[in-house]
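Line order of the protein sequences matches chains H and B.
Per the working numbering: the first sequence ends with 172, consecutive numbering throughout.
Per the working numbering: the second sequence ends with 333, consecutive numbering throughout.
Think of the CB as a built atom: it goes at the ideal place given N, C-alpha and C, for glycine as much as any other residue.
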Amino acid sequence: MSAGEISAGIDALSDADWARINKVSVLLTGCKDAARDLRQEALSRALGRERRCPRDVTIARFLCEAMRSIVSSQRGSDAVRARAEMVYISDPTSIGDAAKTDPGPFVALASEEECGRIVDAVLELFSDNETASSVAEGIMEGLEGEELSEWASIDKKQLATTRRLVRRRTESAFPKGWHNGN
Amino acid sequence: METKRTNQQKLWRLAGALIDDVLSASDEEILAELDECGGLEALRAEIAADIEAAKGRLGRAKLAAARKAVAAEKRGRTPRRHLTPEQSRRRLSQALVGSPASARLTLAARRGQGVPDEDLDGLVEDASDLGINLGEPTEDSSDSG
């Protein structure tokens, strides 16, 4: 997409698109302030065409994946980074550039101990729902798709419903992000 | 399940899954959840501020890149070793003899005479821009003035 098309696409984003972008930025950073910085960085890179948006990807999705890629680069999480690269980033070198330009500390520097407390708090949200608890735990252990269904002993449709429940409860419990002292 | 995940990894994986869910949720579902994010008007105000800040960020990045490019160009044009004024005059004069590009320089420059010392560096750069190779200065005594 040209710079003009990207700019027009950003102007045309719907309220739902912006709500998604907002949610994704908070989930990625775990902190409202860092989330704002991350959104601005992703928008800036998109407007500056530092990241190329393929025509078959919506601007909202592109921005969300750009944010995920920026944070992933900082974290050095090769698996997630590779996925974002393969699916959404037409110019893979831009990922490396992102890391080189050091956009800032988007990832909250939470200690392992603090993360442990958050993990416990998240799992506690589902103390009344064994299935949701299993799904949350399975996700944290890296399970996806069929493996996750088997782990939680539910079918694909139930998994989708339960994943939504996990998201809804988690977002409600940590509306400003889980590193934001909710 | 054999590899023990750190708590940081666990949170990152959970965030990834929740993001996938956000991206696959319908517009109606996402909009219905907006109240928890402070409502539609707050979101719109925040996004407008984000876009303005992003444009400012982009402008600053472009300015920094332009400054860097100018600095790099200047570095590339600076002779690696500094010539004395006499060396510069001699090199300019010799290099310009018979050169078609010399017509684009002033008479004083072609002769290498009457040029103030402080202008010589600029002339060397001009000649370099015109594709005239002045060569590298050596410790040769013939170049010592």
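Out of Ala163(H), Lys166(H), Arg158(H), His169(H), the CA that lies nearest to the CA of Leu219(B) is found in Arg158(H). For Leu222(B), the nearest CB of chain H lies under 7 Å from its own CB, placing it at the interface with that chain.
For Lys243(B), the C-beta contacts it makes with chain H under 9 Å involve Leu33, Ser34, Leu37, in order along the chain. Going by beta carbons, Ala(-7)(H) and Arg65(H) fall outside the 7 Å limit. For the stretch -6 to 13 of chain H, the beta-carbon criterion of a distance under 9 Å to any beta-carbon of chain B is satisfied by Ile0, Asp1, Leu3, Ser4, Asp5, Ala6, Asp7, Trp8, Ala9, Arg10, Ile11, Asn12, Lys13. Proximity of chain B to Ala126(H) at the Cβ level (cut-off 8 Å) is accounted for by Leu202, in chain order.
When DSSP states are grouped into helix, strand and coil, Gly20(H) belongs to the coil group. Contact with chain H is absent for Val258(B), since none of that chain's Cβ atoms lies less than 7 Å from the residue's Cβ.
Excluding its 5 nearest sequence neighbours in each direction, Leu155(H) has C-beta neighbours in its own chain below 7 Å: Ala122, listed in chain order.
Counting of Cβ neighbours within 10 angstroms places Ser276(B) among the buried residues, the total reaching 16 or more. Here Lys22(H) has Val16, Lys166, Gly167, Asn170 as same chain residues with Cβ atoms under 7 Å from its own Cβ, once five neighbours each way along the sequence are excluded. At a cut-off of 7 Å between beta-carbon atoms, Met57(H) makes no contact with chain B.
Within chain H, not a single residue places a beta-carbon under 7 Å from that of Leu280(B); the smallest gap is close to 41 Å.
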